[in-house]
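**Q** Numbering (my numbering), first residue to last: 167 to 246.
Using N, Cα and C, we set each Cβ at its ideal position, and we do this for glycine too.
One structure, pasted below without further comment.
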Amino acid sequence: MTREWIRASEIGTYAYCARAWWLQAVRGVSSRNIPAQQRGVRYHARHGRDVARAHRLYTLGLILLSLGLLLLAMGMWRYV
């Protein structure tokens, strides 16, 4: 049994019009709105990359903050 992903656009299509979803998913009838769909796919791919980059930068910030606090504690330890 293969697992297939259900895309948000499929859910949106079904919610908007079950017949449109059936025509596309079962009968294989293509949408007439292909350019807009392609723009949406590109936008979401770019957004996903931006979210991943933000997560990496957040992690780097936490590491640098921890390192700074460690260095501060080590510097203060000399005066104890």
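Applying the 10 Å Cβ sphere with the 16-neighbour rule, what's the burial state of T225?
**A** Answer is exposed; the Cβ neighbour count stays below 16.
**Q** Below 8 Å on the Cβ atoms is my contact criterion, and I expect E176 with W188 to pass it. Report the Cβ-Cβ distance as a whole number of Å.
**A** Wrong, their Cβ atoms sit about 11 Å apart, outside the cutoff.
**Q** Throw me the rounded Cβ distance for the S197 and Q190 pair, which I believe falls under 8 Å.
**A** With a Cβ gap of about 7 Å, S197 and Q190 count as contacting.
**Q** Taking only the alpha-carbon atoms, compute the straight-line gap between A181 and A174 and give it to the nearest angstrom.
**A** Their Cα atoms are separated by approximately 10 Å.
**Q** Could you check what DSSP says for G194 in three-state terms: helix, strand or coil?
**A** Looking at G194 - three-state DSSP - the assignment turns out to be coil, as it is neither helix nor strand.
**Q** Mind pulling the alpha helix (DSSP H) runs of 4 or more residues that sit fully within the stretch 171 to 240?
**A** As far as the stretch 171 to 240 is concerned, its whole alpha helix (DSSP H) runs of at least 4 residues are 174 to 182, 184 to 191.
**Q** Please report how far the alpha carbon of R219 lies from the alpha carbon of N199, in whole angstroms.
**A** Roughly 31 Å separates the two Cα atoms.
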